[in-house]
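Residue numbering for the sequence shown follows this note's numbering, starting at 3 and increasing by one per position.
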Amino acid sequence: MRPRDLSEFVGQEHVIGAGRVLRKAIEAGQLPSMILWGPPGTGKTTLAAIAAKQAKARFVHLSAVSSGVADLRRVIEESRKLRGLTEQRTVMFIDEIHRFNKAQQDVVLPYVENGDVILLGATTENPSFEVNSALLSRSRVYVLKPLTEDEVRRIVRSALSDEERGLAGRAKLSAEAEDALVAVSNGDARVALNALELAHDATGGDREITLGDIREAMQRRSLLYDRAGDQHYDTISAFIKSVRGSDPDASLYWLMRMIDAGEDPMFIARRIVILAGEDVGLADPQALVIATAAQQATHLIGFPEGYFPLAEATVYLALAPKSDSLKRGLGEVQKDLDETRADPVPLHLRNAATPLMKSFGYGKDYKYAHDFEGHVAPDETYLPDVLRDRRYYVPTELGAEAELKRRLEALRRSVPGAGRARTGDTSGSPRSSD
Numbered sequence: 003m004r005p006r007d008l009s010e011f012v013g014q015e016h017v018i019g020a021g022r023v024l025r026k027a028i029e030a031g032q033l034p035s036m037i038l039w040g041p042p043g044t045g046k047t048t049l050a051a052i053a054a055k056q057a058k059a060r061f062v063h064l065s066a067v068s069s070g071v072a073d074l075r076r077v078i079e080e081s082r083k084l085r086g087l088t089e090q091r092t093v094m095f096i097d098e099i100h101r102f103n104k105a106q107q108d109v110v111l112p113y114v115e116n117g118d119v120i121l122l123g124a125t126t127e128n129p130s131f132e133v134n135s136a137l138l139s140r141s142r143v144y145v146l147k148p149l150t151e152d153e154v155r156r157i158v159r160s161a162l163s164d165e166e167r168g169l170a171g172r173a174k175l176s177a178e179a180e181d182a183l184v185a186v187s188n189g190d191a192r193v194a195l196n197a198l199e200l201a202h203d204a205t206g207g208d209r210e211i212t213l214g215d216i217r218e219a220m221q222r223r224s225l226l227y228d229r230a231g232d233q234h235y236d237t238i239s240a241f242i243k244s245v246r247g248s249d250p251d252a253s254l255y256w257l258m259r260m261i262d263a264g265e266d267p268m269f270i271a272r273r274i275v276i277l278a279g280e281d282v283g284l285a286d287p288q289a290l291v292i293a294t295a296a297q298q299a300t301h302l303i304g305f306p307e308g309y310f311p312l313a314e315a316t317v318y319l320a321l322a323p324k325s326d327s328l329k330r331g332l333g334e335v336q337k338d339l340d341e342t343r344a345d346p347v348p349l350h351l352r353n354a355a356t357p358l359m360k361s362f363g364y365g366k367d368y369k370y371a372h373d374f375e376g377h378v379a380p381d382e383t384y385l386p387d388v389l390r391d392r393r394y395y396v397p398t399e400l401g402a403e404a405e406l407k408r409r410l411e412a413l414r415r416s417v418p419g420a421g422r423a424r425t426g427d428t429s430g431s432p433r434s435s436d
C-alpha cells in the first residue's frame, strides 16, 4: 500500500500540499538535497522514493544502521560514472542518517556539494544535534508531522478498498475496531497497516474484524518514545513544565507516559528532586523532603509499586507554592563570579590556626554571632568589600517563603547599612534591595 505518487500520498500538507515549494520542486523534477525529519510511519521513505521517481533519478536506499563508509563510496562512485555516461542523477536515500557518525557523514559532504549525488536523509531525531552542521547547511530540512486520526483512517480505508494491493473483498472492519485501530496507531501508518494485516490473518478472512481482533493484534499502544532521543527530552520537558505550571492532571499524564514507555524510573525521580529545589524552593521546604523520599522509595521498592511514591511527589510538587528565588540568586552569584575579581577572603573571616597566621591578622575583630542578642553580630560583614552590598537571595511572598522574607527584612534592618541596594537598574530584579 505504499503510495506510488503524490496523488496517493496522505498527510504532510504543510510540506507537499498544493502550491508548496517542495511539491513544486518534486513535480518539476528539481530536487535539492534535503533532510526529512519526523516520527516513524509518516512517509519519509515514501516521499523520497516518489521524489526520485518524479525526477527520473536513480534511487539508492541505504540504512545507516547496516551501511558503512565502503557502501557510501561505492554508491558515490557508481553515481559519478552514471552521471558521466547518461547524465542521470542519483538520489542517495540514507534512512536513520542520525546513526552515521561524523566521519561517515563527512564522506558524503563533498559529493553533495558538487552535485554528484542528491542526498535525501531521513531521521527521527533532531538534525540540529545529529547531523553535521556542514551537511545541514547544504541541505534543506523538512519537518514531517505525525498523521492525524483522519489521515490514518483514510489510509486504513484505502487498504480495505484496494483490490490490487489491499484487502478489498477479503476483509471487513467493524466501526469500533476501526476507531481503536486509528487511535492506537499514534499517527503511524505503518503500525496501522501492519495491525490491520495481522488482524485479518487471525480471522482467516471469514468474518468481520472486531475490536477484540484489533486489540489482540496491537497488544499495546505504539508509543513514540526513545530513551536516548527527542521523545525522551520532549516528554520530560512537558512533565517539568506541567509541574511548574501547577497542573497535577497534566503532570500525572506525562509521568505515566514516561513510565508506560519504559523510561528509567530513577531518571524521573532525579528530575522530581531537581524540580523541588528549582521551582518550589523555599516556598515549601517540605517539597524537597518529599521528592527525596520518593526517589529513595522508588530505588528501594522498584516498579510497579514505585509508581505510587513518584505520583505522590508529582502531585505534591504540582500543588505546592512555587518560587525560583534560589535559582535567580544562584544565577546572580554566578554572574558576579564571572564578572568580578576573586578577592581574597577578608582577614576577619579567616581561621587563625597557627600563631603565625594570627600575627598576620587572621580572625582579627571577628564577632562571634552567638555572643550577641538574637545571635546576630551587629555591623559584621561576610562578603568581600567589593561585593558587600550585593543581594542575591530575594524571597517571594509565596508559601513558607513569606515568613523567611519577614525574618530576612528584620535581620537586614538590625544591621546598619545592610539595606543598601546594588547600583544600576534593580526594578523587578533579584539584585534589588529589600
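Don't be surprised by glycine CBs; every beta carbon is placed ideally from N, CA and C.
First and last residue of the beta strand (DSSP E) that includes D97? 92-97
Please work out which residues of its chain come closer than 8 Å, Cβ to Cβ, to P287, disregarding the five sequence neighbours upstream and downstream, and give them in chain order. A402
Close beta carbons around G168, own chain, < 8 Å, minus the five adjacent residues each side: M3, S160, A161, L162
Going residue by residue through the region 269-302, where are the continuous beta strand (DSSP E) segments of at least 3 residues, counting only ones entirely within it? none
Given this structure, state the Cα-to-Cα distance separating P386 from A354, to the nearest angstrom. 18 Å
Helix, strand or coil, according to DSSP, for V12 in the structure here? coil
Member of V77, Q56, A72, V71 whose CA lies at the smallest distance from the CA of H63: V77
Near R155, what residues of its chain come up, given a Cβ to Cβ distance below 8 Å and the 5 sequence neighbours on each side ignored? E180, V184
Classify A161 as helix, strand or coil using the three-state DSSP reduction. helix
Quick test of the definition: if touching needs 3 or more C-beta pairs under 8 Å, does the region 316-336 touch the region 278-296? yes
Report, in whole angstroms, the separation of the C-beta atoms of V114 and A54, which I expect to be a contact under 8 Å. Not really, about 15 Å apart at Cβ, beyond 8 Å.
With burial defined as no fewer than 16 other Cβ atoms inside 10 Å of the residue's Cβ, what is the status of N188: buried or exposed? buried
3 or more residues per run - each beta strand (DSSP E) lying fully within the region 3-65: Uninterrupted beta strand (DSSP E) stretches at least 3 residues long and entirely within the region 3-65 occur at 36-39, 60-65, given in chain order.
Could you give the distance in angstroms between the alpha-carbon of L87 and the alpha-carbon of E80? Going from the Cα of L87 to the Cα of E80 covers about 11 Å.
Are the CB atoms of A182 and V1 within a distance shorter than 7 Å? There is simply no residue 1 to check, as the chain begins at 3 and stops at 436 in what is shown.
If I'm right that A66 touches I99 with Cβ under 8 Å, what's the distance once you round it to whole angstroms? 5 Å
Span of the alpha helix (DSSP H) around V145: It is not in any alpha helix (DSSP H) - V145 instead sits in the beta strand (DSSP E) that spans 142-145.
T342, enclosing beta strand (DSSP E) - first and last residue: It is not in any beta strand (DSSP E) - T342 carries neither H nor E in the DSSP assignment.
Spatial neighbours of K174 within its chain, please: C-beta separation below 6 Å, excluding the five flanking residues on both sides. Around K174: E210.
Cα separation between L84 and Q336? C-alpha separation (whole angstroms): 59 Å.
Could you give the residue range of the alpha helix (DSSP H) that holds A191? 191-205
What does a CB cutoff of less than 8 Å around A379 pick up in its chain, not counting 5 residues either side in sequence? K369, Y370, A371, D373
In chain order, which continuous runs of the beta strand (DSSP E) of length 3 or greater are located wholly inside the region 326-396? Correct list: empty.
For L254, list the residues DSSP reports as bridge partners. None; L254 has no bridge partner.
Considering only residues of the same chain and omitting the five flanking positions on each side of A51, which have a CB-CB separation below 7 Å? Scanning its chain for C-beta atoms nearer than 7 Å, with the 5 sequence neighbours on each side dropped, one finds around A51 the residues F61, in chain order.
Per-residue burial, A170 [other beta carbons within 10 Å of its own, 16 or more giving buried]: exposed
Cβ of A278 within 7 Å of Cβ of A289? yes
Taking the continuous beta strand (DSSP E) assigned at L122, which residues delimit it? 120-125
Quick one: Cα of S69 to Cα of D266, how far? 30 Å
Quick check: what's the CA-CA separation for F11 versus D203? 26 Å
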